[in-house]
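Step one of this worksheet: look at the structure below.
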Amino acid sequence: MSDLYSAIEILVVANEIVGKKGPIEIDSRIYSHNINMEECDKGNDSYILGENCNEVTFEELIKLITKLNDLVDELYSATGRSYCFEGIEKYSDNKFIISWGS
Numbered sequence: 009m010s011d012l013y014s015a016i017e018i019l020v021v022a023n024e025i026v027g028k029k030g031p032i033e034i035d036s037r038i039y040s041h042n043i044n045m046e047e048c049d050k051g052n053d054s055y056i057l058g059e060n061c062n063e064v065t066f067e068e069l070i071k072l073i074t075k076l077n078d079l080v081d082e083l084y085s086a087t088g089r090s091y092c093f094e095g096i097e098k099y100s101d102n103k104f105i106i107s108w109g110s
């Protein structure tokens, strides 16, 4: 699977949520994927777009994806746990879940 598949997955989600009134929850599952961390050291995997019933913007989504990418890089460097993006699944109208492989 190429990186283009990852881009397509993100663009499909963007097409669905940009302009939609929030809140939209993104469950990143970044910390829950990391078996090399103690539970007490894990952060929150849940992120909200379109807080206070605001419309979700493309810029807001880009900022979140960038933040998640940086977190994955940071945790890989700190713990050695690898992350391979496997997609984003629509869980409900207002919730999406990111899947990771190793």
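Quick note on the numbering used here: the sequence shown kicks off at 9 and runs consecutively.
Idealized CB from N, CA, C, for every residue including glycine.
Item: Pick out whichever of K29, I105 and I96 has its Cα sitting closest to the Cα of V64.; Value: K29
Item: For G88, count the other beta carbons within 10 Å of its own beta carbon; 16 or more makes it buried, fewer makes it exposed. Which is it?; Value: exposed
Item: Taking the alpha helix (DSSP H) that E68 belongs to, which residues open and close that run?; Value: F66 to T87
Item: With a Cβ-Cβ cutoff of 9 Å, do F93 and I25 count as a contact?; Value: no
Item: Would you mind stating whether L57 and I32 have Cβ atoms separated by less than 9 Å?; Value: yes
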